[in-house]
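Chemist: For reference, the structure I am asking about is given below.
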Amino acid sequence: MTTLRPQPQFPEPDTEAFWEATKQHKLTYQTCDSCDSVIFYPRRHCPTCGSADTSIKESKGEGVIYTFSVIMQSRHPAFKDLGAFAVAYVDLDEGFRMMTNIVGVQDPVNDVRCGMRVAVDWQDQGDGHVSLPMFRLL
Amino acid sequence: MAQKRDAAIVGIYEYPLRVVGPGVSSLQIKAESAAKALEDAGLDWKDVDGIFDTAEGGGGGLGIAEYLGLNPTYIDTTALGGSSFEFQANHAAQAIAAGKCNVALLSYGSTSHSDMNAIGTAGPGAGRPNIFTNMENPWGLTLISGYAMVKERHKFQYGTTDEQFAAISIATRRHAMRNPEAVQAMHDLEFVDIREITTEDVLDSRVIAYPLHLLECCMISDGGGAVVIASADVARNAKKKPVWIIGTGEATKYRDNTADITVSAGAQSGPIAFGDAGVAPSEIDVLMAYDSFSITVMTLIEDLGFCAKGEGGAFVEDGRLNFDSLLKPTLNTDGGGLSSNHPGMRGIFLLLEATRQLRGESTSQVVDAQLACAVGNGGQLGARHSTAVTVLAAD
């Protein structure tokens, strides 16, 4: 049996709302009410201007692979059964960049490239757990 | 503008073993290195009035003074990853220039190899949750794959080739083969094929995290060392020719939504340091650039202004980085973290070899070396990291 991936843990006030929204398959991000900057990772202030007035928005879940790597064989108990798997930074169309995995590819070294368009592919982690926003090639 | 001559490296020591086994502690490595570095300087134990320590090995910043039996009136425990020692050397120079310290001791000791620390490949650990762990742990990122993501983007954005990255590993290994301690290190760490390497060797070596090959990744050794930095008054009476700290710069950087992952904090700290020193990158004879991975060196060479951003591939080709090349700068003449010494943090060794070069004592001596630059990079390139630059001049 594969060990459950490391899960986000709470209480932890900055990311709790983000992860709660994933249970409804919503990928959310923040914007600043004062300067319109996009804020990610979520937090209580705007890192561009320092304002405490922010809003939460829902992403369409589509974007572009900014970069990636393929871990050929992880030794970590939760990842060792995956064989070769891709970690990536995806630039969502709304203007935020997130770390994730690229899924649904047979041969990540040859199938994944910078610049490919991707869409969110939710990986539920089980009852009461969050869902992980991974990405598949479009 | 007159070059600063307020503080100089007067004593150095590199702990010779890369595999120490269970009977030696990191604190012991530090104490032995400190004693030998003070001997190298011709100074006494009780001359030390400033301690700089990253607090690994137990006891924290409070413990190091106790363990060594010293009574510092200046103490700094800056810990920003492998670059900590460049930050600390910079801070020591500034404290000395301000008259707050006369003899500063920096020391490092680590048993990462014997402890079997899987620094590069372990993946997410446990610990109290925070914003960073909660957003990063689920994806299975390893340290090496984080660096690999920078290399992949560098290749995509600039067309840099694997062959060009390999040139960094090749030059470093050539220097290592001339350093008896590095050769011993590779034997003790059971490297295969302990010899100069070729492009084919690098590209044929196992891919750890695509697109980084084994021969582009640093070793995990045991080891350590110490540096003694002193005021001009003390330096002029030291046993050996002082090596002057003439310019310093520091910066940090982190992942951001629109950041260029191929640009490090060195793009900020490098110009500050060179401006402080009043020298241009093109004048540097010896570049000791933190070589956790080939991509780290490629990034730092560009960001410090040795060449334009994105042109590092062409810059490192054709043997420029060799100690006997007619072109500047020479790279990592001790053999680097790739082939000589990397117990988890490497910054102190950059200062040691830069000092050897400017004293004329290196195993791959650059003829008439006058200026050196130690660039420490700590943390995760492409994500949260720190880059400190120390510019050094021969007496």
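From first to last, the protein sequence lines stand for chains C and B.
Residue numbering for the first sequence follows the numbering used here, beginning at 10 and increasing consecutively.
Residue numbering for the second sequence follows the numbering used here, beginning at 6 and increasing consecutively.
Even glycine gets a Cβ: it sits at the ideal position worked out from N, Cα and C.
For Glu307(B), decide whether its Cβ has a neighbour in chain C, counting only Cβ atoms nearer than 7 Å.
Modeler: On the second sequence, residue 307(B) is found 302 positions in, with the first residue counted as 1. For Glu307(B), the answer is no, since every Cβ of chain C falls outside 7 Å of its Cβ.
Chemist: In three-state DSSP terms, what is Asn110(C)?
Modeler: Counting from one through the first sequence, the residue named residue 110(C) turns up at place 101. Strand, per DSSP.
Chemist: How about the region 120 to 127 of chain C and the region 317 to 329 of chain B: do they share at least three Cβ pairs that are nearer than 8 Å?
Modeler: no
Chemist: Between Lys69(C), Gly137(C), Asp23(C) and Cys55(C), which has its C-alpha nearest Leu36(C)'s C-alpha?
Modeler: In the first sequence, the residue the question calls residue 36(C) occupies position 27. Of the candidates Lys69(C), Gly137(C), Asp23(C) and Cys55(C), the one whose C-alpha sits nearest the C-alpha of Leu36(C) is Lys69(C).
Chemist: Of the choices Ile175(B), Ala84(B), Glu19(B) and Val108(B), whose alpha-carbon is the least far from that of Asp49(B)?
Modeler: For this step, residue 49(B) is matched to residue 44 along the second sequence. Cα-wise, what sits closest to Asp49(B) is Val108(B).
Chemist: Short of 7 Å Cβ to Cβ, which residues in the region 133 to 154 of chain B face chain C?
Modeler: Result list: Pro134, Asn135, Ile136, Asn139, Met140, Glu141, Asn142, Pro143, Trp144, Gly145, Leu146, Thr147, Ser150, Ala153 and Met154.
Chemist: Cβ of Arg23(B) within 7 Å of Cβ of Ala231(B)?
Modeler: The count along the second sequence starts at 1 and reaches residue 23(B) at position 18. The count along the second sequence starts at 1 and reaches residue 231(B) at position 226. No, these two residues do not count as a Cβ contact at 7 Å.
Chemist: Can you name the start and end residues of the alpha helix (DSSP H) that Gly271(B) belongs to?
Modeler: Within the second sequence, numbered from 1, the residue matching residue 271(B) stands at position 266. Run containing Gly271(B): Gly271 to Ala282, per the alpha helix (DSSP H) assignment.
Chemist: Mind pulling the chain B residues with CB within less than 8 Å of Ile111(C)?
Modeler: What you label residue 111(C) is simply residue 102 of the first sequence in a count that begins at 1. In chain order: nothing, as chain B lies at least about 10 Å away.
Chemist: Name, please, each residue of chain C whose Cβ falls closer than 7 Å to the Cβ of Glu157(B).
Modeler: For the purposes of this step, residue 157(B) is identified with residue 152 of the second sequence, where counting begins at 1. Those are Thr76, Phe77, Ser78 and Cys123, listed as they occur along chain C.
Chemist: With DSSP as the reference, label Ala172(B) as helix, strand or coil.
Modeler: Here residue 172(B) refers to the residue found at position 167 when the second sequence is read from its first residue. Three-state result, Ala172(B): helix.
Chemist: Okay, do the region 246 to 261 of chain B and the region 94 to 108 of chain B touch, 3+ Cβ pairs below 8 Å being the bar?
Modeler: yes
Chemist: Check for me: the alpha helix (DSSP H) holding Arg361(B) runs from which residue to which?
Modeler: Against the second sequence, residue 361(B) aligns to sequence position 356. Unbroken alpha helix (DSSP H) run through Arg361(B): Gly352 to Arg364.
Chemist: Exposed or buried, which one is Arg260(B) when buried takes at least 16 other CB atoms within 10 Å?
Modeler: Residue mapping note: residue 260(B) aligns to position 255 of the second sequence, counting from 1. Label assigned to Arg260(B): buried.
Chemist: Looking at the unbroken beta strand (DSSP E) that takes in Tyr18(B), where does it start and where does it end?
Modeler: Translated into positions along the second sequence, residue 18(B) becomes position 13. It spans Ala12 to Glu19 - the beta strand (DSSP E) in which Tyr18(B) sits, taken as one unbroken run.
Chemist: Should His34(C) be labelled buried (16 or more other beta-carbon atoms within 10 Å of its own) or exposed?
Modeler: Indexing the first sequence from 1 puts residue 34(C) at position 25. Exposed: under 16 other Cβ atoms inside 10 Å.
Chemist: Less than 7 Å between the C-beta atoms of Ala393(B) and Leu363(B), yes or no?
Modeler: Taking the second sequence and counting its residues from 1, the one referred to as residue 393(B) is at position 388. Taking the second sequence and counting its residues from 1, the one referred to as residue 363(B) is at position 358. Cβ atoms of Ala393(B) and Leu363(B): not closer than 7 Å.
Chemist: Is Val212(B) helix, strand or coil by DSSP?
Modeler: On the second sequence, residue 212(B) is found 207 positions in, with the first residue counted as 1. Reduced to three states, the DSSP call for Val212(B) is strand.
Chemist: Where Gly65(B) and Tyr18(B) are concerned, what is the direct C-alpha to C-alpha distance, given to the nearest angstrom?
Modeler: Within the second sequence, the letter at position 60 stands for residue 65(B). Within the second sequence, the letter at position 13 stands for residue 18(B). Rounded to the nearest angstrom, the two C-alpha atoms are 22 Å apart.
Chemist: Whole angstroms is fine: what's the gap from Lys32(C)'s alpha carbon to Phe88(C)'s?
Modeler: Counting from one through the first sequence, the residue named residue 32(C) turns up at place 23. Counting from one through the first sequence, the residue named residue 88(C) turns up at place 79. So the two alpha carbons sit approximately 22 Å from each other.
Chemist: Do you know whose CA, among Ile251(B), Ala319(B), Pro334(B) and Ser236(B), lies nearest Ile277(B)'s CA?
Modeler: Residue mapping note: residue 277(B) aligns to position 272 of the second sequence, counting from 1. Ranking Ile251(B), Ala319(B), Pro334(B) and Ser236(B) by CA distance to the CA of Ile277(B) puts Ile251(B) first.
Chemist: Using a C-beta cutoff of 7 Å, does His157(C) count as contacting chain B?
Modeler: As displayed, chain C neither begins before 10 nor continues past 147, which places residue 157(C) out of reach and without an answer.
Chemist: Mapping the DSSP letters down to three states, classify Asn142(B) as helix, strand or coil.
Modeler: In the second sequence, the residue the question calls residue 142(B) occupies position 137. Helix.
Chemist: Ends of the alpha helix (DSSP H) at His138(C)?
Modeler: Position 129 of the first sequence holds residue 138(C). Note, His138(C): premise wrong, no alpha helix (DSSP H); not H, not E.
Chemist: Out of Thr126(B), Leu343(B) and Gly55(B), which one is the CA nearest neighbour of Gly74(B)?
Modeler: Numbered from its first residue, the second sequence carries residue 74(B) at position 69. Closest by alpha carbon: Gly55(B).
Chemist: Run through chain C and tell me which residues come within less than 8 Å of Tyr295(B), C-beta to C-beta.
Modeler: Counting from one through the second sequence, the residue named residue 295(B) turns up at place 290. Residues of chain C passing the Cβ test: none, with the nearest at roughly 20 Å.
Chemist: Rounded to whole angstroms, what is the Cα-Cα separation between Gly92(C) and Ala39(B)?
Modeler: As a working mapping, residue 92(C) is identified with position 83 in the first sequence. As a working mapping, residue 39(B) is identified with position 34 in the second sequence. If you take the alpha carbons of Gly92(C) and Ala39(B), they lie about 45 Å apart.
Chemist: May I ask which residues mark the beginning and end of the alpha helix (DSSP H) holding Met191(B)?
Modeler: If you number the second sequence from 1, residue 191(B) lands on position 186. Where Met191(B) is concerned, the enclosing alpha helix (DSSP H) stretches over Pro185 to Asp193.
Chemist: Counting only C-beta atoms, is Phe279(B) closer than 7 Å to chain C at any point?
Modeler: Mapped onto the second sequence, residue 279(B) falls at position 274. No, because no Cβ of chain C sits closer than 7 Å to the Cβ of Phe279(B).
Chemist: What in chain B is Cβ-close to Leu147(C), meaning under 7 Å?
Modeler: Taking the first residue of the first sequence as 1, we reach residue 147(C) at position 138. Residues of chain B passing the Cβ test: none, with the nearest at roughly 18 Å.
Chemist: Should Ala153(B) and Ala214(B) be called a contact, given that it needs their Cβ atoms to be closer than 7 Å?
Modeler: Sequence index remark: in the second sequence, residue 153(B) carries index 148 (1-based). Sequence index remark: in the second sequence, residue 214(B) carries index 209 (1-based). Their beta carbons are under 7 Å apart, which means Ala153(B) touches Ala214(B) by this criterion.
Chemist: Considering only C-alpha positions, which residue in the set Gly229(B), Leu357(B) and Ser236(B) is nearest to Pro21(B)?
Modeler: As a working note, residue 21(B) is residue 16 in the second sequence. The shortest C-alpha separation from Pro21(B) is found at Gly229(B).
Chemist: Which of the three DSSP states is assigned to Ser236(B) in this structure?
Modeler: Working through the second sequence from its first residue, we reach residue 236(B) at position 231. The answer is strand: DSSP assigns Ser236(B) an E or B state.
Chemist: In chain order, what residues of the same chain have a beta carbon less than 6 Å from the beta carbon of Arg52(C), not counting five sequence neighbours either side?
Modeler: As a working mapping, residue 52(C) is identified with position 43 in the first sequence. These residues qualify, in order along the chain: Asp23.
Chemist: Could you work out which residues of chain C lie near Asn262(B), taking near to mean beta carbons separated by less than 7 Å?
Modeler: As a first step, residue 262(B) must be located in the second sequence, where it is residue number 257. Ordered by position in chain C, the residues that pass the 7 Å Cβ test against Asn262(B) are Val47, Phe49, Gly104, Phe105 and Arg106.
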